[in-house]
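Engineer: Here it is, the structure in full.
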Amino acid sequence: MEISVEGFGESRCTKLFDGNTQSAVYKLRVTIVVKRAETGLGRAGTTGLSILSSPLTIGLLSALRSQPRSVTELRNQVGSPSPTTLRGYLNDLEEAGIVSRRKQDAFPGTVMCELTASGRQLLIVGDVLQAWLNAYADGPVALGTPLAKRLVKSLVDGWSASIIRAIAARPLCLIDLNGLISSLNYPSLERRLRAMRMAHLVEPVESEGQSTHYAPTLWLRAAIAPLSAAARWERRFMPTTSTPIGRLDIEAAFLLVVPMLTLPEELSGRCRFAVETRNGNGGGMTGVLVEVEAGQVVSCVSQLRGEATGWACGSAGAWLRTVIDWEPAELEIGGDTRLAKACLESLHQSLFRVRSLTP
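Under my numbering, the first residue of the sequence shown is numbered 127, with each subsequent residue one higher.
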């Protein structure tokens, strides 16, 4: 299958699929405060996933899932961290609108903690992230463990630096990436690419020349599920402190997931997927043109120009509701609607199967 891309760097990239911008990395230090890293602004989905990568944060959210708890109960539930550490985490969770605290009138001095609507929805994102971690190549990984934190960090780093966007188009070597991505120096790119390979997010593929080229693994393609769930949570609950969904996010998501589509053999045609985006200069459209022959995706081009027999268009929010919850009513679907709807439903099933993320 051929996947092509225009508009990334200065080159047109093409790859064969065998069937098998400046951004920031949000890092959690002692607390879950989202920091801006040296590379500039962040990317959609990275804030939510970074919060969920913290073992202590996961412990606190899990302890509050069933009922409100006092600070003393929470401390016992999460391994008795120091009072200062626990207070710092709770302060940051409260500031982010994920947890609320209130004093009990009946018991002076007792502070009760409970999840807000944002916190409950973040737990749903955590469930999606856990489902993805369960498919790790070396066996299921529990959210809240050091390994889970490392794997999520590798994903967030690769997504933030646009490494994933680049290799979604075609296999690339480190030298190629260094020519395409100007926001990081060569050693930084090398470290991130090495971490992604160790995390089974990319894999070496045969190529001409001596340099090793890397392509996305099936597990990386499936990572669009937690990334999209986290991006939707950010738009709902952190719209001013997280990064909006942008062109690179949309293109990367389509280029990674479209090769996973399973369609009836009788379907053929070209389908245009268009997403409305917003930026400082107003709105715009971005997306892909997908060609299907006898139920097989034979090409996916990150451009909207060209003749299409079917199409689907809508806001980023409408697309998220379609892909995550299979609620396509807000998308404008036209032309060969059978082809368009089959592609849309397969997008949903490829990432979320029968899972419902509606609260």
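Positions of the beta carbon are idealized from the N, C-alpha and C atoms, including for glycine.
Could you round the C-beta distance between residue 380 and residue 426 to whole angstroms and report it? I think they count as a contact, below 8 Å.
Structural biologist: As a working note, residue 380 is residue 254 in the sequence shown. As a working note, residue 426 is residue 300 in the sequence shown. Confirmed, about 7 Å.
Engineer: Please name the residue, chosen from 317, 298, 308, that lies closest to residue 333 on a Cα-to-Cα basis.
Structural biologist: Reading the sequence shown from its first residue, position 207 is the one you call residue 333. Answer by Cα proximity: 298.
Engineer: When you compare the CB positions of residue 254 and residue 170, do they come within less than 9 Å of one another, or not?
Structural biologist: Working through the sequence shown from its first residue, we reach residue 254 at position 128. Working through the sequence shown from its first residue, we reach residue 170 at position 44. No, they are not a contact pair.
Engineer: Go to residue 239, then tell me how far its beta strand (DSSP E) extends in each direction, as first and last residue.
Structural biologist: The sequence position of residue 239 within the sequence shown is 113, counting from 1. Start and end: 237-241.
Engineer: Counting pairs of beta carbons, one from the region 280-297 and one from the region 308-324, are three or more of them closer than 8 Å?
Structural biologist: Yes, they touch.
Engineer: Suppose the cutoff is 6 Å on Cβ atoms and the five residues either side in sequence are ignored; what does the same chain contact list for residue 281 look like?
Structural biologist: Residue mapping note: residue 281 aligns to position 155 of the sequence shown, counting from 1. Correct list, in chain order: 349.
Engineer: Which class does residue 185 belong to by DSSP, given the choice of helix, strand or coil?
Structural biologist: In the sequence shown, the residue the question calls residue 185 occupies position 59. Helix at residue 185.
Engineer: Sorted by chain position, which residues of the same chain lie with C-beta nearer than 6 Å to residue 461's C-beta, five sequence neighbours on each side aside?
Structural biologist: Reading the sequence shown from its first residue, position 335 is the one you call residue 461. Only 435, 436, 437 meet the Cβ criterion.
Engineer: Using the beta-carbon count (16 or more within 10 Å), is residue 466 buried or exposed?
Structural biologist: Your numbering for residue 466 matches position 340 in the sequence shown. So residue 466 ends up on the buried side.
Engineer: Would you kindly check if the distance between the Cβ of residue 204 and the Cβ of residue 178 is under 9 Å?
Structural biologist: Numbered from 1 along the sequence shown, position 52 holds the residue referred to as residue 178. Numbered from 1 along the sequence shown, position 78 holds the residue referred to as residue 204. No.
Engineer: Looking at the structure shown, is residue 199 part of a helix, part of a strand, or coil, going by DSSP?
Structural biologist: Numbered from its first residue, the sequence shown carries residue 199 at position 73. If DSSP states are grouped into helix, strand and coil, residue 199 belongs with the helices.
Engineer: Does DSSP put residue 194 in a helix, in a strand, or in coil?
Structural biologist: Start at 1 with the first residue of the sequence shown, and residue 194 comes out as number 68. Three-state DSSP puts residue 194 in coil, outside helix and strand.
Engineer: May I ask you to list the residues that DSSP assigns as paired with residue 475?
Structural biologist: Taking the first residue of the sequence shown as position 1, residue 475 is located at position 349. Bridge partners of residue 475: none, in fact.
Engineer: What are the residues that DSSP puts in a beta bridge with residue 459?
Structural biologist: By one-based count along the sequence shown, residue 459 stands at place 333. Answer is 438, bridged to residue 459.
Engineer: As a quick exercise: from 476, 197, 474, 285, pick the residue whose alpha carbon is nearest that of residue 375.
Structural biologist: Against the sequence shown, residue 375 aligns to sequence position 249. Checked all of 476, 197, 474, 285; the closest Cα to residue 375 is 285.
Engineer: Between which two residues does the beta strand (DSSP E) harbouring residue 317 extend?
Structural biologist: Residue 317 sits at position 191 when you count from the first residue of the sequence shown. Premise fails: residue 317 lies in the alpha helix (DSSP H), 312-324, not in any beta strand (DSSP E).
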